[in-house]
Amino acid sequence: MLIPPRNFAAELSFPIPTPAAVSEKPCEIECEVISLFDQFRHPLLRYVLSFGLSVHDAEEVAQEVFLALFRHLQRGKSRRNLRGWIFRVAHNLALKQRAANKKLHAALDDDATVVQAKLDATPNPEEQMTSGQTLQRLRTVLRALPEQDRCCLALRAEGLRYREIAATLGISLGSVSFSLTRSLARLGSAEKGLRYGR
Amino acid sequence: MADEELHVSDQDLLHAADGELPGGRTRRVRAHLAACWFCRTRLAELEATIADFVRVHRSTLDPQLPCAAGPRALLKSRLAHAATQSGVARWPKFLQFFFPRGSVAYVAVALLFLTMGSLPIIQHFALLSSSPLHPIESAAVPNRTLTPGATRPVSINDVCSIAHEEVVREVPAALRQQVLHEYGIAYARAQDYEIDFLIAPRLGGAEDIHNLWPEPYTLPTWNAHVKDALEEHLHQMVCQGSLDLRAAQRDISTDWIAAYKKYFHTERPLATSAAGEFDPADPAPENHGVISRARIDTAGQFVRPRRQIASYALAGT
Ligand SMILES: [Zn+2]
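Printed below as a string of structure tokens:
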């Protein structure tokens, strides 16, 4: 049996005069945000998880991102490059959350070991069959990369263009391009080294 | 012929693969690639590295991704809340333009509402507007105007199959701040209160400002642990079919202390309910889920500080 929603504050509801500037109906924006959520939740979670956050924290960051997006759209702000906007807010929130966690757990455990454990995740059977060794090697190289390089790779892997990555991380287009080139060269040479037994 | 110096640089190779080459260079690089097996092999290797990276990226993170249904529903309800919230918030702000600060403004607002004949609204806004000056002392029972209770659409099945994690669901920092503000509780004193659900989530209560109130930690008799016991008791009764869910919601939102007396047939909290491991003197409030200070980031968002106790796990985890 389905209980219909009931708001005990219903008697408080009354038509609220809205300024003329707010032309759009919130419902439309809500639907838009939900559809963007459907589209970007996985990329966003992957990106946030790559900071070593827990799934729970990542999920909460994602919620905050889309709530912020709702307010952003509600205020009639620019719709240009929403994907870049979403990742930029997620990036900032992820950093904040990680800093808060570090502070909280400073005395308890070392955050780095948590990140390490995540990146050392057991390879799945398919991986082991194909080129488990290569992927394992790549993980090691990735772990050694500077964080900004890892962010560039992760954002590019989620489909962001160079200028979007630059805007997300607050760095120049040239830095993005340089970072990606350097990281891929390192990953590539690690693979080659493995291939030729170096 | 492909001279060593004339080979495509690593950067251009990547730009070519990524479609990021500046217009003028595209044709030149393409022409070189068509002519040069060496650079084409480098391009293929680069693509292979990219593919391997993506596999690592995905295989490490994808297994951790929880199912979307729970978070999606949660976002929907938060959006619905934000939509109503912004409507209410915008109105006083709009008036502040004409009446910048001071009690005169609030009197004016009250008069305006009087002429509109909406008495409950006056009370609501009078309470809201007085909050910075006269904190509304919260007690064991919430202010009914501010916190009348709100429910979400749930079936009996939903309520009775609710996970334990959902029972101890945590209120987002931004919403907690709103509740404290509404009750006029100074930021500095926020640590003395728990933001509690009037109608518990396990009884179909909504995460809505109308269903949340600051419950002092230091109450001797009718405290959060006693209310917890009532919630659990009502939840069991509802799931056993001996109590209607709507009746449970109504009774707990009307006066939960009266409901406790009614359903436990007692005038005082039972010993087992009042006893709790909670210690109000605990200097680390995070340890028992008290409000921890919210921080505001550059995007103007509250960031919920992580707590020691795992709070709610979203569906699918
Ligand atoms: Zn060449």
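Residue numbers (the numbering used here), protein chains in the order written: chain A, 677 to 874; chain B, 4 to 320.
Note that beta-carbon positions come from the ideal geometry of N, C-alpha and C, so glycine has one too.
Residue from the options with nearest C-alpha to residue i
i, options, result
"B/Asp55", "A/Ala833, A/Gly760 and A/Tyr838", "A/Ala833"
"B/Glu197", "B/Leu68, B/Val174, B/Arg75 and B/Ile53", "B/Val174"
"A/Leu769", "A/Ala744, A/Lys753 and A/Arg756", "A/Ala744"
"A/Gln773", "A/Leu849, A/Asp733 and A/Arg839", "A/Asp733"
"A/Leu821", "A/Leu729, A/Leu863 and A/Glu706", "A/Leu863"
"A/Asp875", "A/Glu704, A/Arg839 and A/Thr857", "This structure cannot settle anything about residue 875 of chain A, because the visible part of chain A is limited to 677 through 874."
"B/His184", "B/Thr148, B/Pro217 and B/Arg28", "B/Pro217"
"B/Arg58", "A/Phe763, A/Cys828, A/Leu811 and A/Leu860", "A/Leu811"
"B/Cys242", "B/Leu206, B/Asn214 and B/Thr52", "B/Leu206"
"B/Thr148", "B/His238, B/Ala176 and B/Val182", "B/Val182"
"A/Ser711", "B/Arg75, B/Thr224 and B/Cys39", "B/Arg75"
"B/Val229", "B/Gly26, B/Pro151, B/Lys264 and B/Pro272", "B/Pro272"
"B/Arg253", "B/Ala227, B/Ala142 and B/Leu237", "B/Leu237"
"B/Glu23", "A/Leu829, A/Leu721, A/Arg839 and A/Ser848", "A/Arg839"
"B/Phe267", "B/Ala232, B/Gly208 and B/Val162", "B/Ala232"
Counterpart residues of residue i in DSSP-defined beta bridges
i, result
"B/Glu210", "Per DSSP, none; premise fails for B/Glu210."
"B/Trp216", "B/Asp199"
Partner residues on chain A for residue i, Cβ-Cβ distance less than 8 Å
i, result
"B/Ile53", "Leu860"
"B/Pro79", "Before going on, a small fix: residue 79 of chain B reads as Lys here, not Pro. What B/Lys79 touches in chain A: Glu706 and Ile710."
Within chain A, partners of residue i - CB distance below 7 Å
i, result
"B/Asp13", "Thr857 and Ala861"
"B/Leu17", "Leu856, Thr857 and Leu860"
Between the CA atoms of residue j and residue i - distance to the nearest angstrom
i, j, result
"A/Arg747", "A/Gly846", "22 Å"
"A/Leu831", "A/Ser865", "22 Å"
"B/Gly319", "B/Ala71", "Caution is warranted here: a pLDDT of 34 is assigned to B/Gly319, below 50, making its placement in the model unreliable, and the coordinate value is therefore given only provisionally. Each residue's Cα considered, the two are about 8 Å apart."
"B/Pro145", "B/Thr87", "21 Å"
"A/Arg759", "B/Cys42", "33 Å"
"B/Leu178", "B/Gly244", "33 Å"
"B/Thr44", "A/Asn777", "45 Å"
"B/Asp21", "B/Leu9", "21 Å"
"A/Asp714", "B/Val11", "40 Å"
"A/Lys753", "A/Trp761", "11 Å"
"A/Arg815", "A/Ser726", "12 Å"
"B/Leu36", "A/Gln809", "31 Å"
"B/Asn160", "B/Leu248", "11 Å"
"A/Arg751", "A/Ala738", "20 Å"
"B/Glu235", "A/Cys707", "36 Å"
"B/Ala51", "B/Pro66", "23 Å"
"B/Leu131", "B/Leu82", "Annotation note: pLDDT 39 at B/Leu131 (below 50); position unreliable, coordinate value reported separately. B/Leu131 and B/Leu82: Cα-Cα distance of roughly 22 Å."
"B/Glu210", "B/Ser80", "8 Å"
"A/Arg682", "B/Pro151", "Because the pLDDT at A/Arg682 is just 46, under 50, the model does not fix this residue reliably, and the value given afterwards should be weighed accordingly. Answer to the nearest angstrom: the Cα atoms are 11 Å apart."
"B/Leu246", "B/Met240", "5 Å"
"A/Gly869", "A/Arg756", "43 Å"
"A/Cys703", "A/Val709", "10 Å"
"B/Arg31", "B/Asp13", "15 Å"
"A/Val817", "A/Phe716", "27 Å"
"B/Ile124", "B/Ala142", "Low confidence applies to B/Ile124: its pLDDT is 41, below 50, so where it sits in the model is not reliable, and the reading given next is rough at best. So the two alpha carbons sit approximately 22 Å from each other."
"A/Ser855", "A/Ala843", "14 Å"
"A/Leu771", "B/Ala261", "46 Å"
"B/Leu77", "B/Gly27", "49 Å"
"B/Val157", "B/Gly73", "14 Å"
"B/Val306", "B/Ala47", "Low local confidence applies: a pLDDT of 37 at B/Val306 is under 50, so the model's placement there is unreliable, with the coordinate-based value given in what follows. Answer to the nearest angstrom: the Cα atoms are 44 Å apart."
"B/Asp199", "B/Thr154", "14 Å"
"A/Gly728", "B/Leu64", "10 Å"
"A/Ser853", "A/Leu829", "10 Å"
"A/Arg819", "A/Arg722", "16 Å"
"A/Ser730", "B/Cys39", "47 Å"
Cross-chain neighbours of residue i in chain A, by beta carbon under 9 Å
i, result
"B/Glu218", "Here the premise fails: no neighbours, minimum Cβ distance about 18 Å."
"B/Pro25", "What B/Pro25 touches in chain A: nothing, since even the nearest Cβ is about 11 Å away."
"B/Ala85", "Pro702, Glu706, Leu743, Phe746, Arg747 and Gln750"
"B/Glu48", "Gly864, Glu867 and Lys868"
"B/Ala71", "Phe713, Asp714, Arg717 and His718"
"B/Arg75", "Ile710, Phe713, Asp714 and Arg717"
Cross-chain neighbours of residue i in chain B, by beta carbon under 8 Å
i, result
"A/Gly887", "The requested residue 887 of chain A does not occur in the structure, where chain A is confined to residues 677 to 874."
"A/Leu814", "Asp55, Phe56 and Val59"
"A/Phe739", "Note that residue 739 of chain A is Gln in the sequence shown, not Phe. Simply Pro74, Leu77, Leu78, Arg81 and Pro175."
"A/Arg722", "His60, Arg61, Leu64, Asp65 and Leu68"
"A/Ser853", "Gln14, Leu17, His18 and Glu23"
Chain-ordered chain B contacts of residue i [CB-CB under 7 Å]
i, result
"A/Leu725", "Leu64 and Gln67"
"A/Ile762", "Ordered by position in chain B, no residue passes the 7 Å Cβ test against A/Ile762, which lies about 11 Å from the chain."
"A/Ala830", "His60"
Interface partners of residue i on chain B, CB under 9 Å
i, result
"A/Ala833", "Ile53, Phe56, Val57, His60 and Arg61"
Handout entry: Inside the stretch 798-870 of chain A only - alpha helix (DSSP H) runs reaching at least 4 residues
Key = As far as the stretch 798-870 of chain A is concerned, its whole alpha helix (DSSP H) runs of at least 4 residues are 801-806, 808-820, 823-833 and 838-845.
Practice task
Please list the segments of the alpha helix (DSSP H) lying wholly inside the stretch 730-783 of chain A, counting only runs of 4 or more residues, in order along the chain.
Solution key: Entirely contained in the stretch 730-783 of chain A, the alpha helix (DSSP H) runs reaching 4 residues are, in chain order, 731-750 and 758-781.
Problem - Within the stretch 236-267 of chain B, ranges of the alpha helix (DSSP H) (whole runs, at least 4 residues) - result: As far as the stretch 236-267 of chain B is concerned, its whole alpha helix (DSSP H) runs of at least 4 residues are 248-257 and 259-267.
Exercise for the section: Within the stretch 6-79 of chain B, note down every full alpha helix (DSSP H) run reaching 4 residues or more, in order along the chain. Expected result: Runs of the alpha helix (DSSP H) inside the stretch 6-79 of chain B: 13-21, 26-38 and 40-64.
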